Amino acid sequence: MSEKELRRSMAVLPIGTVMKLTSLTARQIRYYEENELVFPDRSEGNRRLFSLNDIDRLLEIKDFIAEGLNIADIKQRFEQRKEELKRSISDTQMRKILREELLQTGRLSDDSGPAFPIKRV
DNA sequence: ATTCTAACA
DNA sequence: TGTTAGTA
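My numbering applies: residue 1401 is where the first sequence begins, and numbers increase by one.
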């Protein structure tokens, strides 16, 4: 995972900050957590801590609600996206395996090397 | 001052 | 969803 992604997934924001950033009430934010739409961490004092990804997640939830979707609907959308991501990752790994296989066959040029062929003596 | 849980005139 | 009480 990249350094950038790690920062986005760091849970450091208290609910008050999240309220300002999302224009959601504390009640709504806690309610969405109750229904497993978001999963903030907890501090030692049992305070909720949100990450930037959580913020994005909450903003998406806000849009879905505005479009008239209920909690169950939103859950499904997120699960659908989850499956799509799995499928995407499978493809990536598939391509990787396929590429390596073609490289061994000596057909494809290795793009991780020089942009031009190296002359052999 | 903030946030948390639980509950509802 | 709002609001309020009693805490931590």
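Backbone N, C-alpha and C define an ideal beta-carbon position, used for all residues, glycine too.
Fair warning: this is a prediction, and the values are worked out from it, not measured in the lab.
(Q) Cutting at 8 angstroms between CB atoms, please list the residues of its own chain near K1462, excluding the five before and the five after it. (A) T1422, S1423 and L1424
Q.
Given 6 angstroms as the limit, tell me if E1436 has its C-beta closer than that to any heavy atom belonging to the ligand PLP.
A. Among the components of this structure there are no ligands whatsoever, and the ligand PLP is therefore not found.
Q) Nearest to R1448 by CA position, among I1474, Q1428 and P1414, is which residue? A) P1414
Q. Hey, how far is the Cα of R1442 from the Cα of S1488?
A. For R1442 and S1488, the distance between alpha carbons rounds to 31 angstroms.
Q.
For the alpha helix (DSSP H) containing T1425, name the first residue and the last one.
A. From DSSP, T1425 is part of no alpha helix (DSSP H); its letter is neither H nor E.
Q: Along the alpha helix (DSSP H) that carries R1457, what are the first and last residues, could you check?
A: That run of the alpha helix (DSSP H) goes L1452 to A1466.
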